[in-house]
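Residue numbers (the numbering used here): 155 to 643.
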């Protein structure tokens, strides 16, 4: 039987602060994904010696930085009992690091990939502020409003992740080498995302210290903690662990798709570097349109429905199943009629590129079948874009309810750390697998991971329930809480 939390006070949610945190989260999501389409072509342009494996490492260090900082920022938030210092530090760090990324070309060629590596690590470290903002949305809202507040912040982050690559299309007309900003800094389709991100970081700092008002309506006050009639049991480990594992799986799948997306399209559909940036960006833009619908549905209507009717679990399973369907649709099945084409040299006025599947580099080119372009485009826009917002948003609502009406900074940091660890392991593993074994192996691994995650939710369905405040006990039952153990004789 589902346990439903009860309201602990008559406090009200400060929606102005929630909306501002939602905006910060959206901008963070954009920074987390906007670079993925252009990063490989940019690295390949400024340092042609950089390998696909090193590219995977550059992708991974962003999440390595986030994995370190997310629980630290969450702990900082809990101890300081305020989010301003942690958020300000994160915004400043990302602002400086984006500037360094945009100036990578100023360094000698043999140092450029390492400068890019360091910049992406520091940007990732700053992105650990997501744990702080997600935890704030849960603890700044009442239990009645929590579904909407968490949906807003979670959906805005997922929406930012999807919109980010699509924004790259806006910068594509600048081309390369573009022009000089203030006669000194390079501004082109590769560096424009970094300059844009630095500007949003500056804006976030200004808003944080001017109009943001920090209030908490969803946690027990000291007076309520001392009230013997109001008790908050310790959260249960099993549902927390499954939510953390799901976060890992979803981040693993999404990151892997982002990491090999450009390389996959260039090998599968004979796209040039510029075409990969443009067309893959357009696919992401299509995903963004669908994601707007999904995000707004959760934030304003669907989130409340899921919360009131306790549908978080089934909705999460549905989202994961849609993700599984996408991978089955875009798998390079042996029965597909066409195989990928061999490589050819493509020349324009500035450069000469090798396009197609480079058989001397990829041994799998000779036997891999070509995924239909239409299936890949439609699958990304109408399945992939639905899958993980539908899975992660209700899971985030449920996770906050599983933790209960307490400060959630550290535990939310651990949740985000699991996703960051997936984003560390995923790019290195997937880029190496793609390079040596091709799309069949990489897609097969994705299918295995998501299938196991679905099974966990089905098997432990009855255990993944919210934590009840002051739960009713039957004779002989007991539970632990912060002030001791409560019994009923």
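Where a beta carbon is used, it is the ideal one built from N, C-alpha and C, also for glycine.
The stretch 245 to 257 makes contact with the stretch 340 to 350; the number of CB pairs closer than 8 Å reaches 3 or more. Taking C-beta separations shorter than 8 Å and ignoring five residues to either side along the sequence, the partners of residue 166 in its chain run 296 and 371, following chain order. Here the stretch 566 to 576 does not lie against the stretch 455 to 472, with fewer than 3 beta-carbon pairs under 8 Å apart. Looking at the backbone, the Cα of residue 318 and that of residue 403 are separated by about 21 Å. For residue 264, the enclosing alpha helix (DSSP H) starts and ends at 263 to 280.
Annotation: residue 341 is outside any alpha helix (DSSP H); the continuous beta strand (DSSP E) that includes it extends over 339 to 341.
Going by DSSP, residue 233 is part of the alpha helix (DSSP H) stretching over 206 to 234. Residue environment: residue 365 is assigned as exposed (fewer than 16 neighbouring CB atoms within 10 Å of its CB, all protein chains considered).
Contact annotation: residue 227 and residue 275 have beta-carbon atoms that are not nearer than 9 Å. Residue environment for residue 600: buried (at least 16 other C-beta atoms within 10 angstroms of its C-beta). In this structure, the beta-carbon distance from residue 312 to residue 547 falls below 9 Å. Take the alpha-carbon of residue 542 and the one of residue 517: they are about 32 Å apart. Cβ neighbours of residue 438 within its own chain (closer than 6 Å, five residues either side excluded): 319 and 320.
Contact check between the stretch 404 to 415 and the stretch 581 to 591: three or more CB pairs, one atom from each, fall below 8 Å, which counts as touching. Here DSSP, grouped into helix, strand and coil, assigns residue 387 to strand.
The beta-bridge partner set that DSSP reports for residue 333 consists of 341.
For the 9 Å CB-CB criterion, residue 391 and residue 323 do not form a contact. Taking the Cα of residue 559 as reference, the smallest distance to any Cα among 455, 290, 168 and 279 is reached at 290. Nearest to residue 339 by C-alpha distance, out of 269, 257 and 282, is 257. Of the residues 553, 486, 306 and 356, the one whose Cα lies closest to the Cα of residue 617 is 553.
Between the stretch 234 to 251 and the stretch 278 to 287 there are three or more inter-stretch CB-CB distances shorter than 8 Å, so the stretches are counted as touching. Secondary structure of residue 419 (DSSP, three-state): helix. DSSP, read as helix, strand or coil, puts residue 493 in strand. Around residue 168, the same chain offers 294, 367, 369 and 371 as residues with beta carbons nearer than 8 Å, after the five sequence neighbours per side are excluded. Residue pairing by DSSP places residue 175 in no beta bridge whatsoever.
When DSSP reads this structure, residue 523 sits in a beta bridge with 493. Remark: C-beta atoms of residue 436 and residue 483 do not approach each other more closely than 9 Å. Distance between residue 209 and residue 590, taken at the CA atoms: about 15 Å.
A Cβ-Cβ distance of about 5 Å is found for the pair residue 509 and residue 426, placing them in contact under the 8 Å criterion.
About 30 Å separates the beta carbon of residue 270 from that of residue 175, a gap too long to meet the 8 Å contact definition.
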